[in-house]
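The numbering used here puts the first residue of the sequence shown at 40, with every later residue one more than the last.
Glycine included, every Cβ here is placed at the ideal spot set by N, Cα and C.
Data block below; observations after.
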Amino acid sequence: MVKVSCCWLYAISKYGYPPILDNMFKALEEISDMGFEYSEIEALGYENLREILENKHRLKEHVGSLNIKIVNVCPIFHDIISPDETARKRALKAFSETCELAVYLNSQMVQTDTFTPPLKFISDIPYKDAINFGKTFKVDVDLGFNWKLFWRLLVDAMRKCNWIAEEHGLRFCLEPRVGESVSNTDAMLRLAEAIDSENFGVVLDTGHLHAQKEILPLSVEKLGNLIVYVHASDNDGRDNYHLGIGKGTIDWIGVLKALKKHGFKGFIGLDIGHVPNIEREYVESKAKLERLIEEVGL
């Protein structure tokens, strides 16, 4: 039966973006206390990665003492899609170091983002300093910006990430996110076709795709066996809030049946954030989701 894991949005929601090391350890303890046996972790930026790498032995011991398995490690370095080649190389080096960390922690997978294109934001920039949902974005498109050239850069960067992950024996995956370069299922299919690798997979992020007005079972049909992981949260289909299971309008039975049709065997990560009583929301959502998984026979 498909297992339910805990996404790192829990730690970010409680302790900041990113959590300092002590709070990272505390979050993992809380994840274990909530009954999770599987979790993500994330390295956000160079300083956070350095702190984690310097304490990786403690981290591995801590995870082991909690009987938690790390199923996904997220290297988050925005410069991976920078137009500056030197910045991109530094980010790719950090990505590679995070892959080494993933191997050390016995993870099978790494996941990053497609980040925000180099647009001039009049409003807040998506996900730059915090992960917030339900935002309205306003931009000026620079006269020098060329989407076709940027797309080539994005494809090249994601191919390199995939190669690096594969060299480390890791599956590489991406999620579509509201406000980023790849924000919906069809754009992700286009990127997958361009990367053209069996090692590449997609994260079905229900919160982001439902807010894009997608019919989620159809999204599963489109992606098929490209789906290697699921981020599960609920919302009303208007804003990309990441609420508990059943707190929005997502057709969970339809989503799970579609996943079953395509033989999905990965983890479904609860991706709930910025909600009141967050621990209770995770515990209740885990129980609800596990009941639905059993009902569908996934």
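Cβ-Cβ distances below 6 Å link Leu-243 to Ile-266, Val-269 in the same chain, with the five nearest sequence neighbours on each side left out; the list follows chain order.
In the DSSP assignment, Pro-256 falls within the alpha helix (DSSP H) that extends over 255-262. Here the alpha carbons of Asp-61 and Gly-283 stand approximately 26 Å from one another. At a Cβ-Cβ threshold of 8 Å, Thr-224 and Leu-262 count as neighbours. Scanning Pro-215, Glu-68, Glu-253 for the CA closest to the CA of Asp-275 turns up Glu-253. Separation of Lys-42 and Ser-236 (C-alpha to C-alpha, rounded to the nearest whole angstrom) is 26 Å.
Ile-307 and Tyr-280 have their C-alpha atoms some 18 Å from each other. Unbroken alpha helix (DSSP H) stretches of 4 residues or longer found wholly inside the segment 193-280: 224-234, 245-250, 255-262, given in chain order. A straight-line Cα-Cα distance of about 15 Å links Lys-199 and Glu-139.
Taking 8 Å as the cut-off, the Cβ atoms of Met-73 and Val-322 count as close. Here Asn-87 carries a helix assignment [DSSP, helix/strand/coil].
C-alpha of Ala-141 to C-alpha of Leu-298: approximately 26 Å in a straight line. Here Gly-305 has Val-41, Ile-266, Val-267, Tyr-268, Val-269 as same chain residues with Cβ atoms under 8 Å from its own Cβ, once five neighbours each way along the sequence are excluded.
Here the alpha carbon of Ala-133 sits roughly 26 Å from the alpha carbon of Trp-186.
Under DSSP, the beta-bridge partners assigned to Lys-159 are Asp-179.
Per DSSP, reduced to three states, the secondary structure at Gly-74 is coil, with no helix or strand assignment.
Contact annotation: Leu-88 and Thr-137 have beta-carbon atoms nearer than 8 Å. Gly-183 and Leu-158 have their C-alpha atoms some 10 Å from each other. Between the alpha carbons of Pro-114 and Gly-246 lies a distance of about 21 Å. Between Arg-216 and Asp-278, the C-beta gap is not smaller than 8 Å, which leaves the two residues out of contact. Per the coordinates, the alpha-carbon of His-249 lies some 30 Å from the alpha-carbon of Glu-205. When secondary structure is reduced to three states using DSSP, Cys-46 falls in the coil class, being assigned neither helix nor strand. Of the residues assessed, Asn-316 falls on the exposed side of the cut-off, its CB having fewer than 16 other CB atoms within 10 angstroms. Secondary structure at Met-40: coil, using DSSP grouped into helix, strand and coil. In terms of Cα proximity to Lys-286, the closest of Val-314, Cys-45, Gly-336, Tyr-54 is Val-314. For Asn-94, DSSP records no beta bridge to any residue. With contacts defined as CB atoms closer than 8 Å, Ala-226 and Phe-239 fail to qualify as a contacting pair. In this structure, Val-178 sits near Ile-161, with a CB-CB distance shorter than 8 Å.
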